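Residue numbering for the sequence shown follows our numbering, beginning at 3 and increasing consecutively.
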Amino acid sequence: MVTEQGIIEEVSGQKALVRIKKSSACATCESRGNCEVVSGKSMVVEVANDLGGGKGDRVELSVPSGAFLKLSLLVYIFPALALMAGAFAGGVCAPFLHITPTLASVIGGFLAMGITFYALKRFDRSLRARSKFRPRVTRILFRSGTPQSDFDGASN
């Protein structure tokens, strides 16, 4: 299980909005430049609130490791494979299109990557409905009346 900690900001039925603080994993993450967490902001995620946490509660969230690996594969590996396949296909099609192989490879690579990102965006919408890919509140660490030692919602 991949776990993080955060503070519940809002509760709506069986769902909650949780503000996640920066973790030590952020410092070594390859995608830190594209993430809002690094820019000094906390990240807010919608999670299943099966334990009935309330506003202000500090909670532990988790996503099953298998689901996390599948999503990582989709986000990182498929676009790279699409880029390579598109570049190869562009190079093969260059003589038929009467353009240089380099230009055809660049166009084919970007076109294939664009299609992959569009498909991933559509797939993301369908994944949101599947509970196995959604983070869940797995433990309530502190109720809102309990002092919260190291997380106050501000970045470090």
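Note that CB positions come from ideal geometry on N, CA and C, so glycine has one too. Every value quoted in this text rests on a predicted model; they were computed, and no experiment measured them.
| Since G93 and S107 are thought to touch, with beta carbons under 8 Å apart, how far apart are those beta carbons, to the nearest angstrom? | The residue you call residue 93 lines up with position 91 of the sequence shown. The residue you call residue 107 lines up with position 105 of the sequence shown. With a Cβ gap of about 4 Å, G93 and S107 count as contacting.
| said: Could you give the first and the last residue of the continuous beta strand (DSSP E) run that contains G8? | reply: Within the sequence shown, the letter at position 6 stands for residue 8. Its beta strand (DSSP E) spans residues V4 to S14.
| Count the other CB atoms within 10 Å of the CB of V61; is the residue buried (16 or more) or exposed (fewer)? | Within the sequence shown, the letter at position 59 stands for residue 61. Buried is the call here.
| On the three-state DSSP scale, how would you describe I117? | Working through the sequence shown from its first residue, we reach residue 117 at position 115. If DSSP states are grouped into helix, strand and coil, I117 belongs with the helices.
| query | Start and end of the beta strand (DSSP E) containing K23? | reply | On the sequence shown, residue 23 is found 21 positions in, with the first residue counted as 1. Careful: K23 lies outside any beta strand (DSSP E) and carries neither H nor E.
| task | Could you tell me which residues DSSP puts in a beta bridge with V61? | result | Sequence index remark: in the sequence shown, residue 61 carries index 59 (1-based). V61 pairs with G8 and I142.
| message | If I follow the unbroken beta strand (DSSP E) through V47, where does it start and stop? | response | For the purposes of this step, residue 47 is taken as the residue at position 45 of the sequence shown. Per DSSP, V47 belongs to the beta strand (DSSP E) from M45 to A50.
| So what does K17 bridge to, in DSSP terms? | The residue given as residue 17 occupies position 15 in the sequence shown. DSSP output for K17 lists S14 and A50 as bridge partner(s).
| field | Short Cβ contact (8 Å threshold) for S67 with V4 | value | The sequence position of residue 67 within the sequence shown is 65, counting from 1. The sequence position of residue 4 within the sequence shown is 2, counting from 1. Cβ atoms of S67 and V4: closer than 8 Å.
| message | Check this for me: beta carbons of A50 and Q16, under 8 Å apart or not? | response | Position 48 of the sequence shown, counted from the first residue, corresponds to residue 50. Position 14 of the sequence shown, counted from the first residue, corresponds to residue 16. Closer than 8 Å, so yes.
| task | List the endpoints of the continuous alpha helix (DSSP H) containing G55. | result | Start at 1 with the first residue of the sequence shown, and residue 55 comes out as number 53. Segment: none, G55 is in no alpha helix (DSSP H) and carries neither H nor E.
| V77 and L122: beta carbons closer than 8 Å? | As a first step, residue 77 must be located in the sequence shown, where it is residue number 75. As a first step, residue 122 must be located in the sequence shown, where it is residue number 120. Closer than 8 Å, so yes.
| field | N-terminal and C-terminal residue of the alpha helix (DSSP H) that V77 is part of | value | Counted from its first residue, the sequence shown places residue 77 at position 75. No alpha helix (DSSP H) contains V77, which DSSP labels as neither H nor E.
| query | In angstroms, rounded to a whole number, what distance separates the CA positions of G54 and A89? | reply | Translated into positions along the sequence shown, residue 54 becomes position 52. Translated into positions along the sequence shown, residue 89 becomes position 87. Whole-angstrom Cα-Cα distance: 50 Å.
| request: Decide if L63 is buried, meaning its Cβ has at least 16 other Cβ atoms within 10 Å, or exposed. | output: If you number the sequence shown from 1, residue 63 lands on position 61. Buried, since its Cβ has 16 or more Cβ neighbours within 10 Å.
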